[in-house]
Amino acid sequence: MTIAENLRQVRIRMAGAAQRAQRSPDEITLVAVSKTKPLALIAETAAAGQIDFGENRVEELWEKAEAAAAAGLDRIRWHAIGTIQSRKAKLALGPPALQSHPGKGAVCMVHAVDRPKIAQRLSRLAADNHRQLDVLLEVNVSGETSKHGFSPAGLIDDLPALLKLPALRYCGLMTMAPYVDDPEEVRPLFRQLRTLLQELRHTFPPAQFQQAAWRHLSMGMTGDFEVAIEEGATIVRVGTAIFGHREYE
Ligand SMILES: *Cc1c(COP(=O)(O)O)cnc(C)c1O
């Protein structure tokens, strides 16, 4: 199967899930997770019409964003989707030369802000670059200790301070569901994330908190993106179904 065909199949499955939930497919963004994959495959995917790409390691994101821009792939929007170590926070904003063109080869969203310290650091870096950074807050809804992210209750406690960081815009929530054989098992987790977003809209309304947008739910990967869409995902992050299996992580 070619990448273009894989992409087409994923989009058909996304549309089917949206239809089952009486949602418009237009409100769901597919992020193609290209981690470990070379630029040539990214170029092939972009040529098939894909615009949003995600990388979980910020070094790799930086290198690919630079290489893609140099190769003329300047329509790509990059998403930093993985956990960020504090000392590497700077890389999450992407190469400085691209930062003045958000949406044109630059990082457009950081998905996995999982602790106050990383939020503070990203806000400082974004302010230094005279830009506002769109972020999502990662929530550990499953409560698994191996997973990163705020607990739902911890997030509510931390938000008053987070919402004062000047250069971040809180666009919504992100979660990583555990790997399971049957995606129905993680449906309740996706539902919980959606409920939490609704709670945030009421408790920290955008009309009152300038930094709050509360628009997005980034949830769903190759094994469970259809269930995630049925439960309200606005962004799905899909790697394997588009690029095939990864040889390493
Ligand atoms: C790798 C990765 C994905 C995509 O995983 P697949 O199962 O290959 O679709 C999504 N989100 C994050 C944060 C990832 O690291």
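Here our numbering is used: the first residue of the sequence shown is 201, the next is one more, and so on.
We treat Cβ as the ideally placed atom computed from N, Cα and C, and that holds for glycine.
All figures in this text were calculated on a predicted structure; none of them were measured in a lab.
Would DSSP call H416 helix, strand or coil? Residue state, collapsed to three classes: strand.
How about V436 and I429: do their beta carbons lie closer than 8 Å? Contact: yes.
Let me confirm a value: A306 is counted as buried when at least 16 other C-beta atoms fall within 10 Å, else exposed. Which label applies? In summary, A306 is buried, with 16 or more beta-carbon neighbours lying within 10 Å of its beta-carbon over all protein chains present.
Suppose contacts are defined by Cβ-Cβ distances below 8 Å. Is V335 in contact with Y370 by that definition? If you check the CB distance, V335 and Y370 come in under 8 Å.
State the start and end residues of the unbroken beta strand (DSSP E) segment that holds H311. V307 to V313
Any heavy atom of ligand 1 within a distance shorter than 7 Å of the CB on G282? Yes.
Exposed unless 16 or more other CB atoms sit within 10 angstroms - verdict on R315: By the neighbour-count rule (16 or more Cβ atoms within 10 Å), R315 is buried.
DSSP bridge partner residues for M376 (one or two, in chain order): Bridge partners of M376 according to DSSP: none are assigned.
Within this structure, are the beta carbons of L393 and L417 separated by less than 8 Å? Yes, the Cβ-Cβ distance between L393 and L417 is below 8 Å.
Can you tell me whether I212 is buried or exposed? The criterion is at least 16 other CB atoms within 10 Å of its CB, across all chains shown. exposed
Pairing CB atoms from the segment 244-263 with CB atoms from the segment 275-293, are three or more of them under 8 Å? yes
Following a CB-centred definition, is G272 positioned closer than 7 Å to any heavy atom of ligand 1? no
Out of P360, S342 and A361, which one is the CA nearest neighbour of M376? Closest option to M376, Cα to Cα, is S342.
Does ligand 2 have a heavy atom nearer than 7 Å to the CB of M309? Summarising the ligand content, the structure contains ligand 1 and does not contain ligand 2.
At a cut-off of 7 Å, would you count V233 as near ligand 1, judging by its Cβ distance to the nearest heavy atom? yes
Quick one: is T283 buried, meaning 16 or more other Cβ sit within 10 Å of its Cβ, or exposed? buried
Which residue's Cα is closest to the Cα of E344: V386, L362, L337 and L363? Here the closest residue by C-alpha is V386.
Report the residue from L368, E431, Q320 and S224 whose alpha carbon sits nearest the alpha carbon of R331. L368
What I want to know is whether the C-beta of N206 ends up closer than 7 Å to one or more non-hydrogen atoms of ligand 1. no
CB contact flag (L365, F404, <8 Å): Cβ atoms of L365 and F404: not closer than 8 Å.
Report whether the distance from the Cβ of R277 to the nearest heavy atom of ligand 1 is below 7 Å. no
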